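Visitor: Got a structure for you, questions after.
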Amino acid sequence: MTIKEYIPTYVGTVTKYVFIDSPNITPQTLAIRAYEISEGLMVKETCFGLQITGEPEQVKKLIVELRKVDSAHIFVKDRGFPPGDPRRCRANLGGARPGYYGHEFECGLLKFVSHGLEELDKKKPKPVPQMSKKKLDQGKLPLNRLIEIISNEEA
Amino acid sequence: MAKVFIFPTTSLVLSDMVERWGHEALGAAVGIREKIQTPSLESPPLQMTPEDPKKGLKYAAVEVPCGVRGRMSLYGPMIEEADAAIIINDSDLSFGCMGCARTNELVMFMLRQRKEMPLLDIKYPETEDEGIAFVTQIKDFLAGLEGENDE
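Here you go:
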């Protein structure tokens, strides 16, 4: 048996799964939104959502934006392999990848978790309007108006 | 931001909850990614080499199967590194094509041995009310961790 050297690809990147389980948003809608703001990240649309690969900071920013679409129904998870890796891709294995069954089981419970997240949001206290810093000339006579009064007095 | 070890280590829900509320989830994907992105000898599919069961000797005895020791070489350092842990107790998915029941027992034993580490024991929700309790428990637990690992 010959031992080959292993040269990794996509070094320094992270891959995230984005699962969408929403009655209003489809993976396609989310993918289009992701393409709009992805700035060079690799975005792959799947039946359950997306896979996003790229620099950790950029991926984090994109995830924050995507969560805004439907926060209670979008779930994100790390992935060890990049998308399409021949060691994991079902195109090469001829069947579901090993991690699929775990996702399938948890996806069945997402509706309960989403309900919990929605209820949690409802319980949030209403934000109190913040007073902004008072401007220096706030409530004082505007300069233009003062000049106008003086010129009227002189006339 | 605290480092939170999650069990099952492949859990989508736990991984999401931890990151949603601003902490770092330590799970299988993090360890596997490190292996996949490190140059070494070709050893598909998970790049586990004969060196890994040797590293696992720190956590399990030599007569323990090498599958357990190999897995512990991934999870052991993460358990040591973790500031907190969340365990879902009724997680059948952690034992199957990619899981190992003996490793799971050892992981949970190691987590419970760290008495000083905050630990949350929960179960998967099966109703909407349990869903609310599930999310609230995790959020309250994570809120209590804030600042532990801040720089």
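Chain order of the listed sequences is X and B.
Position one of the first sequence corresponds to residue 34 (this note's numbering), numbered consecutively onward.
Position one of the second sequence corresponds to residue 1281 (this note's numbering), numbered consecutively onward.
C-beta: ideal position from N, C-alpha, C; glycine also.
All figures in this text were calculated on a predicted structure; none of them were measured in a lab.
In whole angstroms, what is the alpha-carbon distance linking B/S1320 and X/R112?
Guide: One-based indexing of the second sequence puts residue 1320 of chain B at position 40. One-based indexing of the first sequence puts residue 112 of chain X at position 79. The straight-line gap from Cα to Cα measures roughly 20 Å.
Visitor: Quick check: what's the CA-CA separation for B/E1314 versus X/K93?
Guide: Taking the first residue of the second sequence as position 1, residue 1314 of chain B is located at position 34. Taking the first residue of the first sequence as position 1, residue 93 of chain X is located at position 60. If you take the alpha carbons of B/E1314 and X/K93, they lie about 18 Å apart.
Visitor: Cβ atoms of B/G1307 and B/G1336: under 8 Å apart, would you say?
Guide: For this step, residue 1336 of chain B is matched to residue 56 along the second sequence. For this step, residue 1307 of chain B is matched to residue 27 along the second sequence. No, they are not a contact pair.
Visitor: Please state whether DSSP places B/V1344 in a helix, a strand or coil.
Guide: Here the question's residue 1344 of chain B lines up with position 64 in the second sequence. Note: B/V1344 maps to coil in three-state DSSP.
Visitor: Which word fits B/A1341, buried or exposed, when buried means at least 16 other C-beta atoms lie within 10 angstroms of its C-beta?
Guide: The count along the second sequence starts at 1 and reaches residue 1341 of chain B at position 61. So B/A1341 ends up on the exposed side.
Visitor: Between which residues of its own chain and B/N1369 is the CB-CB distance below 8 Å, once the five residues before and five after are set aside?
Guide: Residue mapping note: residue 1369 of chain B aligns to position 89 of the second sequence, counting from 1. D1401, I1402 and K1403, listed in sequence order.
Visitor: Output needed in chain order: residues of the segment 1335-1369 of chain B with a Cβ under 9 Å from some Cβ in chain X.
Guide: Under the 9 Å Cβ criterion, the segment 1335-1369 of chain B contributes no residue.
Visitor: Out of curiosity, what's the CA-to-CA distance linking X/F145 and B/T1407?
Guide: Here residue 145 of chain X is taken as the residue at index 112 of the first sequence, counted from 1. Here residue 1407 of chain B is taken as the residue at index 127 of the second sequence, counted from 1. Each residue's Cα considered, the two are about 6 Å apart.
Visitor: Return the chain-ordered list of same chain residues with a C-beta closer than 6 Å to the C-beta of X/G82, the five sequence neighbours on each side being excluded.
Guide: Sequence index remark: in the first sequence, residue 82 of chain X carries index 49 (1-based). These residues qualify, in order along the chain: V51, F52, I53 and P60.
Visitor: In the DSSP output, which residue or residues are listed as bridge partners for X/G82?
Guide: Indexing the first sequence from 1 puts residue 82 of chain X at position 49. Looking at the DSSP assignment, X/G82 forms a beta bridge with X/F52.
Visitor: What is the residue span of the beta strand (DSSP E) that X/K110 lies within?
Guide: By 1-based counting over the first sequence, the position of residue 110 of chain X is 77. Residues I107 to R112.
Visitor: Looking at chain B, which residues of the segment 143-156 of chain X have a Cβ within less than 7 Å of any of its Cβ atoms?
Guide: Per Cβ criterion, the list reads F145, V146, H148, G149, L150, E152 and L153.
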